[in-house]
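Chains as they are written, first to last, in this note's numbering: chain W, 1 to 365; chain E, 1 to 340. The C-beta atom is built at its ideal place from N, Cα and C for all residues, glycine as well. Okay, so here's the structure we're looking at.
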Amino acid sequence: MSISFPHVGSFTYVMESICHEMGRTDVVVPNKPTNKTKQLGSRHSPEWMCTPFKMLFGSFIEVLERGAYELVGTLFIDYCRLGYYTPIYEIILEDLGYDFEFLHLNFNNPTGFIQEMKRRTAGLTYWKTFRAFQIGWIKNRFIDIADKCLYSYQAVELEKGTSQRVVNRAHRKIVETKGMRNIRKLRKIIPKMFEDEVEIDKKADPLRVVVVGELYAVVEPSINLDIMTKLNELGVISYTPITFCRWIDVGSRANPFKRPSFKTAIKKAKPYVEYRLGGKTQESIGYSIMYKEKGWDGVIHLYPFTCMPEIITRSIIPQISREYEIPILSLVLDEHTGEAGLKTRLEAFIDLIERKRKVNGDNIK
Amino acid sequence: MNRVGLPRALIHYKFSEMWVTFFQELGAEVIISPKTTKKIKQEAVNIAPNEDCYSTKLYYGHVMAIKDQVDYLFIPRYGASDKKYVGCPKFIGLAEVLRSMFPDLPPIIMPHYNTAKGRDGKLSFYFKAMKIASMFTKNPFKKIRAFRLALKKHNQHKKDLVIDEKTLYKWEQSKLFLNDSPKSNPGERQLKIALVGHSYVLNDPYASLDIRTILKEQGVDIITSEQMPRELIEKQMDKQNFQLYFYYEREILGTIMHFLESKTVDGIIHIMVFSCGPDSIAGEMAARFSKRNPAVPLLQLVFDELTAETGLKTRIEAFIDMLRRGIDEQIIFQTTKVHV
Ligand code: SF4
Ligand code: SF4
Chain W
1 MSISFPHVGS
11 FTYVMESICH
21 EMGRTDVVVP
31 NKPTNKTKQL
41 GSRHSPEWMC
51 TPFKMLFGSF
61 IEVLERGAYE
71 LVGTLFIDYC
81 RLGYYTPIYE
91 IILEDLGYDF
101 EFLHLNFNNP
111 TGFIQEMKRR
121 TAGLTYWKTF
131 RAFQIGWIKN
141 RFIDIADKCL
151 YSYQAVELEK
161 GTSQRVVNRA
171 HRKIVETKGM
181 RNIRKLRKII
191 PKMFEDEVEI
201 DKKADPLRVV
211 VVGELYAVVE
221 PSINLDIMTK
231 LNELGVISYT
241 PITFCRWIDV
251 GSRANPFKRP
261 SFKTAIKKAK
271 PYVEYRLGGK
281 TQESIGYSIM
291 YKEKGWDGVI
301 HLYPFTCMPE
311 IITRSIIPQI
321 SREYEIPILS
331 LVLDEHTGEA
341 GLKTRLEAFI
351 DLIERKRKVN
361 GDNIK
Chain E
1 MNRVGLPRAL
11 IHYKFSEMWV
21 TFFQELGAEV
31 IISPKTTKKI
41 KQEAVNIAPN
51 EDCYSTKLYY
61 GHVMAIKDQV
71 DYLFIPRYGA
81 SDKKYVGCPK
91 FIGLAEVLRS
101 MFPDLPPIIM
111 PHYNTAKGRD
121 GKLSFYFKAM
131 KIASMFTKNP
141 FKKIRAFRLA
151 LKKHNQHKKD
161 LVIDEKTLYK
171 WEQSKLFLND
181 SPKSNPGERQ
191 LKIALVGHSY
201 VLNDPYASLD
211 IRTILKEQGV
221 DIITSEQMPR
231 ELIEKQMDKQ
241 NFQLYFYYER
251 EILGTIMHFL
261 ESKTVDGIIH
271 IMVFSCGPDS
281 IAGEMAARFS
291 KRNPAVPLLQ
301 LVFDELTAET
311 GLKTRIEAFI
321 DMLRRGIDEQ
331 IIFQTTKVHV
């Protein structure tokens, strides 16, 4: 009875770690989604369902084909469709005749969440189960750090591909490190790996672009056609503050001495969108403003086709762009988004902010 | 300076009685946008965000239709009025999106109300209403009176609209009509159809391409999902092992499941809105449940701004023909989802 989960960017490594910590040895690790995955998912999905649903579904079908039985699923009440993913997957998979069982992890109910998790462990106690989850959220921080390093170093690396090689090793290291003491050391080790091994162009003065938008669209390279790397290839540092930490990093949320950045972002977004309405609307708007204030050069906003909250973001973004004089590019993504079109639009956008920086620079002189 | 504009779209169809009474009692002049017309639609499609659902797009058209005649626009940010279940995120975002996209609109009164996740209760509802009331009058008695009358009107409207189980039973027995009585065509059996969809589609003759009249002309007696007794809907939804947390979508799926089970109608017509998030879910579930239990034929129609009346008419006529022809052939046609 193997356990599995869908592929969600580098968060996949966190889920893999949690499953290992749960004492499970029968983990089916999902592959990176390919075009085939996208097709597989959309074939059986409701017609205008949002793209993340379709791609995750493809990923689920693939792991089922590889022998998975228990699938990590979520079930909770939200503003948008996210809380329904699991029930619909269940209905469709039943109709397709698969043999499976979903974990119903309910974020609205922490006790139930841990109970459900415990049931799936290899006989761990509640404390150990909680510990497994905790290791997950802590490792998630280091995965975020590794990605941040990757998309900074990669923009200015001298030899193409070095950063990618380093990050692959970093990811594996994070997954395989055991014991809280060792894990905590990763905070220093990961950046050090990049520092030591990637040779960078010290003279470069790269542009910096922050990527915001719907969570899946931002973190899964196969839906956004690896936009972070594409930016790097244009010599631009890319970064996304939108990661899974808001979801699973219970530790930093509970820490009274640290204010998570998403709270600051939400505060900044209040004059535009005062109340939460699902998705990452407030965060996307808030982070755009925050990073402008930090001196970043541009913002890219990604959202899946028919995504309800992000259409709202997309409609408000022009105002943000005007008022804060920050170039923002909104891109809608679906399973048919083409490589070539995306590239042209990115290049045009980078050209624009490059020119803008030059003009501003001349003015200062 | 006290003309208040209400766009006739989206949740206006659920709450208009309350809002109109409230503002009128406060001494404001209430201006409701006219019923949807071709002009309103065209304007809407031109200015609204491209990817928005058709219903939300229409809202933009209605705002534009009255913006020059009013001093305020009333666009609540409505999250939920149920303890657990929410509305559509678009209801919450609409006011702010409009303000952002069209800075020269008149001031928008946009109270936020959300009992499910916003911890609003009766008291905060009252205070929010009073705050708005203060914009129009200083007289506290007038304010309270407006508030109470508005609530009363709303409850009355709900009572008039939603039937109880007894009435439903009578309707199922063909003892009464719940809507305009259908044309009786000699020699043809009168059909019973459940018309299921969002209230702002079913009650907007333009947006629904007057499907009610088409059905009436065809001699079909209808019941709408809005009219269904809430207990029956909740009973159906409780049978599921998931919580459909979009309040209005429960109404839709619950109605469909009730009739799939009770088999007291000849057919079900489900109107969906293209690119509507909640509909993509309820629609899929309805289709799959009806395939599993193909007792009553289900026709799912997908509407968007390109929908043409002629296409719709043909589809409906074909569906009704099929229902009249009898059971055997129906099996092939269980769920038909078409873009009309
Ligand atoms: S945020 Fe958008 S893409 Fe994500 S589940 Fe909600 S509607 Fe779908
Ligand atoms: S429920 Fe559907 S049709 Fe209604 S506003 Fe939301 S997305 Fe649009």
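Residue-level contact to chain E via CB, residue i, 8 Å cutoff
i      : result
W:R81  : yes
W:E47  : yes
W:G136 : no
W:V209 : no
W:Y151 : no
W:G278 : yes
W:T344 : no
W:I311 : yes
W:S42  : no
W:I350 : no
W:V332 : yes
W:S315 : yes
W:I91  : yes
W:D95  : yes
W:Q319 : yes
W:M308 : yes
DSSP beta-bridge partners of residue i
i      : result
W:K304 : The question names Lys, but residue 304 of chain W is Pro in the sequence shown. DSSP output for W:P304 lists W:L333 as bridge partner(s).
E:N114 : E:A80
W:F102 : W:L71
W:V209 : W:S238, W:G298
E:V273 : E:F303
E:L195 : E:T224, E:I269
E:Y72  : E:V4
W:E157 : W:I200
W:E328 : With the sequence shown as reference, residue 328 of chain W is identified as Ile, and Glu is not the correct amino acid for it. Partner(s): W:V299.
E:V63  : For E:V63, which the question treats as bridged, DSSP gives no partner whatsoever.
E:I32  : E:L6
Cβ of residue i within 8 Å of any chain W Cβ
i      : result
E:V63  : no
E:I316 : no
E:R288 : yes
E:F147 : no
E:R77  : yes
E:M285 : yes
Own chain residues within Cβ distance below 7 Å of residue i, not counting five before or after
i      : result
W:T243 : D144, V219
W:D334 : T51, P304, F305
E:N185 : G219
W:E159 : E199
W:E16  : V27, V29, V175
E:T255 : A194, V196, S225, M228, I233
W:Y126 : I114, K118
W:E116 : L103, H104, L105
W:D147 : S10
W:R253 : P260
Sequence-distant residues of its chain with Cβ nearer than 6 Å to residue i (five each side left out)
i      : result
E:R8   : I32, S33, H62
E:Y60  : A44, I47, A48
E:A129 : F147
E:V4   : F23, A28, V30, Y72, F74
W:I135 : E21
W:M228 : Y151, S238
Cβ-based neighbour list, residue i, same chain, cut-off 8 Å, excluding 5 preceding and 5 following
i      : result
W:H20  : V27, V175
W:P30  : S4, F5, P6, H7, T12, S59, E62, V63
W:R345 : L329, L331
W:G123 : G23
contact_flag[the region 187-205 of chain E, the region 271-287 of chain E] where n(CB pairs < 8 Å) is 3 or more: yes
Counting Cβ pairs, one atom from each stretch, are 3 or more of them under 8 Å apart for the region 246-260 of chain W and the region 126-142 of chain W? yes
Return the residues of the region 91-105 of chain E that lie within a Cβ-Cβ distance of less than 7 Å from chain W, sorted by chain order. I92, G93, E96, V97, S100, M101
How about the region 204-219 of chain W and the region 92-102 of chain W: do they share at least three Cβ pairs that are nearer than 8 Å? no
I'd like to know if the region 209-229 of chain E and the region 253-273 of chain E are in contact, where contact means that at least 3 CB-CB pairs between them fall below 8 Å. yes
Indicate whether the contact test is met: 3 or more Cβ pairs, each with one atom in the region 263-280 of chain W and one in the region 306-313 of chain W, closer than 8 Å. yes
For the region 58-87 of chain W, enumerate the residues whose C-beta is nearer than 8 Å to any C-beta of chain E, in chain order. L75, I77, D78, Y79, C80, R81, G83, Y84, T86, P87
Closer than 9 Å, Cβ to Cβ, to anything on chain E: give me those residues from the region 256-280 of chain W, in chain order. Y272, V273, E274, Y275, R276, L277, G278, G279
Under 8 Å, with one C-beta from each stretch per pair, do the region 81-98 of chain E and the region 302-317 of chain E reach the 3-pair mark? no
Below 9 Å between beta carbons is the criterion; list the residues of the region 215-246 of chain W that meet it against any residue of chain E, in chain order. none
Of the residues that make up the region 231-249 of chain E, which ones have a beta carbon closer than 7 Å to any beta carbon in chain A? In the displayed structure, chain A is absent; the protein chains listed are W and E.
Short-range partners of chain W found in the region 40-51 of chain E, where Cβ spacing is below 8 Å: P49, E51
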